[in-house]
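If you're matching positions, the sequence shown starts at 1 in full-length UniProt numbering and goes up one per residue.
Think of the CB as a built atom: it goes at the ideal place given N, C-alpha and C, for glycine as much as any other residue.
Worksheet: one structure, shown below.
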Amino acid sequence: MVSFIRTIIMYLIVIFVMRLMGKRQIGQLQPYEFVIALMISDLAALPMQDSAIPLWSGIVPILSLLLLQLSISYGVLKLKTVRGFFCGKPCVMIKNGVVIEKNLRNQMYTLDDLLEALRLKGYPDVQTVQLAILENNGDLSVLPVSASQNVTRGDLDIKAPSDIVTDIIIGGCVMEDNMELLNIDKKMLREELGKNGVRSAKDVFYCYVNGAGQFVVQKKGK
């Protein structure tokens with residue numbers, strides 16, 4: 001009976017902690033979130049398996065991990081360096097139908113893994129892929145060339161705008177690599193922000209350039 005009650009208590013505590021950590025599916029967890037989830041499950045199992053171990057021996061470390069996770073999540077939201085360290089950043093694996101071998105090696109991602117992911121997305125031919133990006137959660141995002149999309153624009157001889165969306169500012173942090181990719185300098189960025197009534201990038205919640213080359217700016221909420 002005691003073991004049953006201890007199990008119920010630890011179960012409720014773990015559910016409470018996981019709810020506070022945020023709503024994500026397992027496949028969407030960042031590496032640091034996945035590690036903390038594993039550690040919490042191990043800490044919760046010890047008091048349930050051995051009644052000689054006080055409940056506090058499991059509860060206190062679990063709450064400590066929760067505090068650590070919330071602190072890291074706050075840093076990830078506010079600081080680009082913290083976000084890059086704990087979450088990494090998306091990596092381009094295919095551009096204009098060409099596999100980028102250097103990025104494959106850097107991500108320890110084999111060509112077989114890449115081709116398998118493309119097949120699962122419905123793109124067995126690399127040349128039909130305009131852009132393939134390995135996301136932070138390990139999923140592969142695929143943007144096909146316009147003629148290879150489900151809508152048969154190529155058959156109708158209709159020129160479709162590009163579907164590529166390039167992030168420029170996220171949470172007040174400027175993505176300088178993406179600016180260089182699009183040949184956008186700081187002066188041009190300031191001008192575009194000024195058109196939207198924004199003086200500083202720190203006041204921008206999200207800014208991106210769509211396939212038509214237009215800047216889309218969303219200010220931070222008050």
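query, result
"Assigned exposure category for TYR123 - 16 Cβ within 10 Å defines buried", "buried"
"Residue 223 (DSSP reduced to helix, strand or coil)", "Given a span of 1 to 222 for the chain in the structure shown, any question on residue 223 remains unanswerable."
"Contacting residues, own chain, Cβ-Cβ under 6 Å from LYS121 (five flanking each side not counted)", "VAL142"
"Length of the line joining the Cα atoms of THR166 and LYS195", "19 Å"
"Residues bridged to SER141 [DSSP beta-bridge criterion]", "ILE133"
"DSSP-derived helix/strand/coil call for MET21", "helix"
"Contact check, PRO90 vs LEU29, beta carbons under 8 Å", "no"
"Nearest-angstrom Cβ-Cβ length linking ARG6 and PRO47, presumed shorter than 8 Å", "6 Å"
"Candidates PRO61, THR110, ILE53 and ILE170, of which the one nearest ASP84 by Cα", "The sequence shown places Gly at residue 84, rather than the Asp named in the question. Closest by alpha carbon: ILE170."
"Every unbroken alpha helix (DSSP H) inside the region 64-98 [4 residues or more]", "80-87"
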